[in-house]
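S.K.: Could you have a look at this structure, given as structure tokens, before my questions?
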Amino acid sequence: MTPASYDALVERLSDGILASRQPVTMVLGSAISAPTSSGAPGVFSAETIVDFIEREYFPGRHDEFREHIKSKANDYIGAFDFLIPRRGQNAANAVVRAAVWNSRLPSQMLESGSSYQPDEHTEDQAFLSFEADWDSWYLTPALSAIGSLASVFPETYGQTVLTTNFDPLIEIAIRRNRGRCFRNVFHRDGNIGQASGEGTNIVHLHGHWWGSDTLNTHIQLTQDRPRLKTSLNSLIRKDVILVCGYGGWDDVLNSALADIVNDDNAYPEILWALHGSDPSMVEDKLKPLVDRGRVTVYAGVDCNNLFPDVLSRLLKLSPRKIVAQSAPPSFVPPLRLQQEYDQRLPQEMEINRNFALLGPNEDDRPPNIDFYVGRQAQLEELVGGDYTVGYVTGIGGQGKSALAAAFFNDCVSTGRFEHCVWRDCKEEAERFEVQIVRITVALSEGELKPADLSHLSIEELFDVFLRYLSMQRILFIFDNVDHYMEMEQEKLSGSPADFLKKIERAGVGSKFLFTCRGNIRETGGSTLNIRLSGLDLESTIKLFSKRQALSTREDIEIAHGVTKGHALWLDLLAAQAAKHPEKPLERLLNAPSGDSAGIPLETLQSIWQDLKERERLVLRTLAECVRPSTEIELASFLQEQMNFNKIGKALYNLRSLNLIVVKSSGGFRDYIELHPIIREFIKRTFSRTERATFIDVIIRYYEQIFSVRVGRGKPKLTIEELQNWIEGIELHISAGKLELAFQLIAEVHRSGLYVLNCREFVRVCATLFSEISWDKYATYPEFDAIASAYSDVLSDLGRIDDARRLLAQYRETIVGKTVRYINYCDMLCYLEWAIGEYKEAIRWGEEGQGLKSKSNIDTTYDAGHNLALAKRDGGEVDAALAYFLKGRSIESALDPEDLDETLHESFYGNVGRCLQLMGQIDTALVCYRKSALLIERHETASSVNNRGYVRQWIGEVFAAKNADVDAAKFLKAALRIWAIISPVRESRLMSLVASRPEIAKNVAELDELYAERYCVAWFFGRETDV
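One point on numbering: in my numbering, the residue at position 720 of the sequence shown is 917, and numbering is uninterrupted.
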């Protein structure tokens, strides 16, 4: 038998088919999707699959493996005959998936990272998304031409395609060419005509790479499939059959051909294309048909030449309009949403430098100093010293804040600095970080919100602060940083210490002054250390004179000696002497058996006894306030006890006695609070029960004016409203109303708005948990939810040691492995995920979920979400995708006509990230655009980070598509956000960008605002407007 020529086959499939108008059923084998050269993408060849099986499953058994396959007629079948009895059918399916996966285009991601490959655990939803991502697959020239033939000549080449291949590339080729097709998969018996659809019927005779088993062994291939065989018989009898790249397996197709060979009433037309020149295999199988001229064999046929040549010749003979290849799947927002874009253009930030205090709160003002003496030398040191960091220290009442306030006022009046900033850290935890957040927001001149900084670690927060500070000359005074004092080592610790290290390295032009009680030993060329001791005698005499106290010099000398020059003690004495000249000064100096920060308790009690009842009421009320109050607020608190005029008189007298601290607002009202020593005295004098009445009055005010009460939480709170809630919670803790405090903080937690000010949330949680008896946790229904939120925020802030201590304490409240243990596992899962320990996170998450599944307990505790995050980022993307879909189909997530606006922005974002990590490009982009649109339209507290992530991820996808210009725009916008809220992420992204010089060049040249405008326009489908 002499095979026909290649040219004859091309003519037969073009001129001949056009003349006969017969439909062609193509029988396609592995050659059409195999790599075209060594190392090129494509489905593994049979030889490569054999090597893969040995390497992956039997690496130490070469001789045994090779001996086995030698005994078989076919190495490929022999390899699977060896594999399946030892590893099972799932392993065979996994081999096929690996073979098909090799036809994915190599990733051009900025991160070289993703080594994702589907396995036996991969959900069907994931495979659907793989196949929807057309541009991520490599198509051989043969496949590309086949797709065009089926699409452009559907009447002849678009009816039925039979294939022994497992891959989806024929379908992808047709869809890329705007054709339509549907799939029939047979791993058992069935009827080809049973399923129907629009377009070409793609029949997979040996199974498919997902959703079915694959047929690889002799037993599997030769199984009896009578219905499939019958339907194949029918097809072969009526159509022109083109066999190309098919090895002639002992399978159902060969069985059907054998039946036809022996049927003299059958008139098939079979065109068999051989790559080589030996037709003996075909001749042996189909000799009767060959003899009848019903089978023509063609030799020397390369399928990657044949199909392009046939397509080219057909188009010359019968010109058809070639429609451009289908664009990859994409989502374009509907017109209704596109029209919203005009209201969302990012504007140039207006710069306003006309402020001296950088937007202070009530606390954050220097106190008014009515009588200031004896510190001129120290003031001159502060004014004239060459230093960057200064400390004013001394025991309570020595005038640290007064000296700092005098320096502050001098700098404001002389204009020595561009801005002067006063911040009161109130001797409490977290206050310093909260103040840095507020200052950074102010320095950004409207570019930042507190929520932008709420989740940053201390290190990142300080980097952002320094970025905005730059070389501006600003005076920063941080009053009362006592919480951060390391008493034994006589130095600042914690976040202020870390802050100062950065300041020293940065070489800024600003000054930073700290006040605290403990001594600071730190000295250096750029450090000024002032330790305040008692006033000298002459300053004391001057103080009494300014107070108009009629005491004799002898009495003043005695007072100075007894008090050792203690500034506040002397001032209280002078004020008492001026107020009550008839009473001897010695009465206040007797019996200093105890002391309150340097002032004897007896002195304070004596002063207290001399006060009128209305003055005591005002002081006791101020002692319970969690922030400075105005006269109007005090009148509201005490409206049942006295009228406004009496409150005014009481405040006047208390100020003259130096028992209150007044802070001017620059407007018509002042803010009033107590000196810490006076506050301590009152709280020590009265029990919590005695104080409760005053706290309740303030709580009622917060309930009535600020709606801080259980059940009144709003879905959206401003940062100021959130602060009111925090203060309300603090009041309930002070009153011992711990259950209500838990309920209030739970309201804030449920709204998700606590993330607007994470550090204040941490501070109030720390206070609350320090007040409770942990063994009585069950008394507080919200205990577990708040503990979990508290732990998560600590993790987000990078306070890992604090989070672990909290978790250890929480674990002690759990007996055995009850349902609360699931919550504990979830908390640990999140902690480990937050620090990038994905294996540990997965271990804890799986333990929690395993316990829940095993026990079948109906509980709200669940570790599923955090486990999915850990699996997503830890390489187990399949399981993560299945979780994030939450039962929805991948088709709906990717549907270009569908955007579910009721979903949270993270739904599309998480699904998209999974797809991206799987190496899918266009499908990820569909999800990211939907997510970005929801972020822009429904800004939430979590949107801040999500805005950065979605821009970065979209940029990465465009980089993978080699769309360098678009990639640069999104990456520039992401860098802009990370520069503001996360320098660590900015640094990581800059490193990734630098790995692609062509993108890095574009990023460097782009204007930030233009890049952001383009991103927002793209989200809304209006990118052509920019």
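Note that beta-carbon positions come from the ideal geometry of N, C-alpha and C, so glycine has one too.
Quick one: Cα of Val586 to Cα of Glu1209, how far?
M.R.: Mapped onto the sequence shown, residue 586 falls at position 389. Mapped onto the sequence shown, residue 1209 falls at position 1012. Distance between the alpha carbons of Val586 and Glu1209 is about 38 Å.
S.K.: Which one of Asp993, Thr222, Leu1203 and Lys743 has the shortest CA to CA distance from Ile655?
M.R.: Numbered from its first residue, the sequence shown carries residue 655 at position 458. Comparing Cα-Cα distances from Ile655 to each of Asp993, Thr222, Leu1203 and Lys743, the minimum goes to Asp993.
S.K.: Does Glu545 pass the burial test, meaning 16 or more other C-beta atoms within 10 Å, or should it be called exposed?
M.R.: To locate residue 545, count along the sequence shown from 1; it is residue 348. Low confidence applies to Glu545: its pLDDT is 39, below 50, so where it sits in the model is not reliable, and the reading given next is rough at best. Exposed, since its Cβ has fewer than 16 Cβ neighbours within 10 Å.
S.K.: For the alpha helix (DSSP H) containing Ile955, name the first residue and the last one.
M.R.: Numbered from its first residue, the sequence shown carries residue 955 at position 758. Inspection of the sequence shows that residue 955 is occupied by Cys rather than by Ile. Cys955 -> alpha helix (DSSP H) spans Cys955 to Glu968.
S.K.: Report back the beta-carbon spacing between Ala1165 and Val1200 to the nearest angstrom; my notes put them in contact at under 8 Å.
M.R.: Mapped onto the sequence shown, residue 1165 falls at position 968. Mapped onto the sequence shown, residue 1200 falls at position 1003. Between Val1200 and Ala1165 the Cβ distance is about 5 Å, and since that is below 8 Å, they are a contact.
S.K.: In this structure, how does DSSP classify Cys1212 when only helix, strand and coil are distinguished?
M.R.: On the sequence shown, residue 1212 is found 1015 positions in, with the first residue counted as 1. Correct three-state label for Cys1212: helix.
S.K.: Suppose you measure from the CA of Phe383 to the CA of Val400; what does that come to, to the nearest Å?
M.R.: Position 186 of the sequence shown, counted from the first residue, corresponds to residue 383. Position 203 of the sequence shown, counted from the first residue, corresponds to residue 400. Cα-Cα distance, rounded: 8 Å.
S.K.: Since Ser651 sits in a beta bridge, which residues does DSSP pair it with?
M.R.: Along the sequence shown, one-based indexing puts residue 651 at 454. Bridge partners of Ser651: none, in fact.
S.K.: In terms of DSSP beta bridges, what is Thr360 paired with?
M.R.: Residue 360 sits at position 163 when you count from the first residue of the sequence shown. Looking at the DSSP assignment, Thr360 forms a beta bridge with Leu225 and His401.
S.K.: Using the DSSP secondary-structure output, state which residues sit across from Cys378 in a beta bridge.
M.R.: As a working mapping, residue 378 is identified with position 181 in the sequence shown. In DSSP, Cys378 forms a bridge with Thr397.
S.K.: What are the start and end residues of each continuous alpha helix (DSSP H) run of 4 or more residues lying completely inside the segment 231-274, in chain order?
M.R.: The segment 231-274 contains these whole alpha helix (DSSP H) runs: 243-254 and 259-267.
S.K.: Please confirm whether Leu346 and Tyr354 have their CB atoms less than 8 Å apart.
M.R.: Taking the sequence shown and counting its residues from 1, the one referred to as residue 346 is at position 149. Taking the sequence shown and counting its residues from 1, the one referred to as residue 354 is at position 157. Contact flag set, yes.
S.K.: Give me the Cα-Cα distance between Ala788 and Leu935, rounded to the nearest whole angstrom.
M.R.: Taking the sequence shown and counting its residues from 1, one reaches residue 788 at position 591. Taking the sequence shown and counting its residues from 1, one reaches residue 935 at position 738. Unreliable placement is indicated for Ala788, whose pLDDT of 43 sits below 50; the coordinate value is still reported in the next sentence. Rounded to whole angstroms, Ala788 to Leu935 spans 39 Å at the Cα level.
S.K.: Can you tell me which of Gly1013, Leu1100 and Leu747 puts its alpha carbon nearest to the alpha carbon of Asn779?
M.R.: Your numbering for residue 779 matches position 582 in the sequence shown. In the sequence as presented, Asn is not what sits at residue 779; that position holds Glu. Per the Cα distances, Leu747.
S.K.: Going by Cα to Cα distance, which pick from Ser409, Tyr313 and Phe891 is closest to Ala289?
M.R.: One-based indexing of the sequence shown puts residue 289 at position 92. Measuring from the Cα of Ala289, the nearest candidate turns out to be Ser409.
S.K.: Who are the near neighbours of Asp1265 in its chain, counting only those whose CB is closer than 8 Å to its CB and skipping five residues on each side?
M.R.: Any answer about residue 1265 is impossible in this case: the structure gives the chain only from 198 up to 1223.
S.K.: Which residues in the same chain as Thr361 place their Cβ atom closer than 6 Å to its Cβ, once the five residues preceding and following it in sequence are excluded?
M.R.: To locate residue 361, count along the sequence shown from 1; it is residue 164. Around Thr361: Gly226, Leu402 and His403.
S.K.: Taking the C-alpha atoms as reference points, what is the distance between Cys500 and Asn1159?
M.R.: Position 303 of the sequence shown holds residue 500. Position 962 of the sequence shown holds residue 1159. Roughly 29 Å separates the two Cα atoms.
S.K.: Count the CB pairs spanning the segment 1127-1136 and the segment 1088-1104 that are closer than 8 Å, and state whether there are at least three.
M.R.: Short answer: they touch.
S.K.: Taking a contact to mean a Cβ-Cβ separation below 8 Å, would you say Ser853 touches Lys776 in this structure?
M.R.: In the sequence shown, residue 853 corresponds to position 656, counting from 1. In the sequence shown, residue 776 corresponds to position 579, counting from 1. A contact, by the Cβ cut-off of 8 Å.
S.K.: Could you pull out every residue in the same chain whose Cβ sits closer than 7 Å to the Cβ of Arg510, ignoring the five residues on either side in sequence?
M.R.: As a position in the sequence shown, residue 510 is number 313, starting the count at 1. Hits under 7 Å: Val207 and Ser211.
S.K.: Taking the alpha-carbon positions, what's the Val815 to Arg714 distance?
M.R.: Along the sequence shown, one-based indexing puts residue 815 at 618. Along the sequence shown, one-based indexing puts residue 714 at 517. Using only the alpha carbons, I get a separation of about 27 Å.
S.K.: Just tell me which of Ala982, Ile1019, Arg1017 and Cys1026 has its CA closest to the CA of Arg1261.
M.R.: With the chain running from 198 to 1223 in the structure shown, residue 1261 is simply not present.
S.K.: Can you tell me the Cα-Cα spacing of Arg866 and Lys860, whole angstroms?
M.R.: Position 669 of the sequence shown holds residue 866. Position 663 of the sequence shown holds residue 860. Going from the Cα of Arg866 to the Cα of Lys860 covers about 9 Å.
S.K.: I'd like to know whether the C-beta atoms of Ala820 and Ile727 end up nearer to each other than 8 Å.
M.R.: The sequence position of residue 820 within the sequence shown is 623, counting from 1. The sequence position of residue 727 within the sequence shown is 530, counting from 1. Contact flag unset, no.
S.K.: Residues in the same chain with beta-carbon distance under 8 Å from Phe1217, minus the five sequence neighbours each way, listed in chain order, please.
M.R.: Translated into positions along the sequence shown, residue 1217 becomes position 1020. Around Phe1217: Pro530, Leu534, Gln535, Glu537, Tyr538, Arg541, Leu1130 and Glu1133.
S.K.: Just to confirm, is the Cβ distance from Val907 to Leu928 under 8 Å?
M.R.: Residue mapping note: residue 907 aligns to position 710 of the sequence shown, counting from 1. Residue mapping note: residue 928 aligns to position 731 of the sequence shown, counting from 1. Going by C-beta atoms, Val907 is not nearer than 8 Å to Leu928.
S.K.: Would you mind stating whether Ser707 and Arg670 have Cβ atoms separated by less than 8 Å?
M.R.: Taking the first residue of the sequence shown as 1, we reach residue 707 at position 510. Taking the first residue of the sequence shown as 1, we reach residue 670 at position 473. Taking 8 Å as the Cβ cut-off, Ser707 and Arg670 qualify as a contacting pair.
S.K.: Taking Gly691 as the reference, which of Glu466, Pro516, Gly1116 and Phe629 has the closest Cα?
M.R.: On the sequence shown, residue 691 is found 494 positions in, with the first residue counted as 1. Residue Phe629 is the option with its Cα nearest to Gly691.
S.K.: What is the DSSP secondary structure of Ala788, reduced to helix, strand or coil?
M.R.: Stepping through the sequence shown from its first residue, residue 788 is reached at position 591. Because the pLDDT of Ala788 is 43, which lies under 50, any placement of that residue in the model is unreliable, and the number read from its coordinates should be weighed accordingly. Note: Ala788 maps to coil in three-state DSSP.
S.K.: Hey, how far is the Cα of Pro423 from the Cα of Thr233?
M.R.: Translated into the one-based positions of the sequence shown, residue 423 becomes position 226. Translated into the one-based positions of the sequence shown, residue 233 becomes position 36. About 36 Å.
S.K.: As a quick exercise: from Gly257, Met223, Ile753 and Arg489, pick the residue whose alpha carbon is nearest that of Asn398.
M.R.: Your numbering for residue 398 matches position 201 in the sequence shown. The shortest C-alpha separation from Asn398 is found at Met223.
S.K.: Let's see if you can read the secondary structure: which residues bound the alpha helix (DSSP H) around Cys608?
M.R.: In the sequence shown, the residue the question calls residue 608 occupies position 411. Per DSSP, Cys608 belongs to the alpha helix (DSSP H) from Lys597 to Thr611.
S.K.: Just to confirm the assignment, what range does the alpha helix (DSSP H) spanning Thr427 have?
M.R.: For the purposes of this step, residue 427 is identified with residue 230 of the sequence shown, where counting begins at 1. Run containing Thr427: Pro423 to Lys435, per the alpha helix (DSSP H) assignment.
S.K.: Going by DSSP, name the residue or residues bridged to Asp676.
M.R.: For the purposes of this step, residue 676 is identified with residue 479 of the sequence shown, where counting begins at 1. Bridge partners of Asp676: Asp621.
S.K.: Who pairs with Trp469 in a beta bridge, going by DSSP?
M.R.: As a first step, residue 469 is located in the sequence shown; it is residue number 272 there, counting from the start. Per DSSP, Val440 and Val494.
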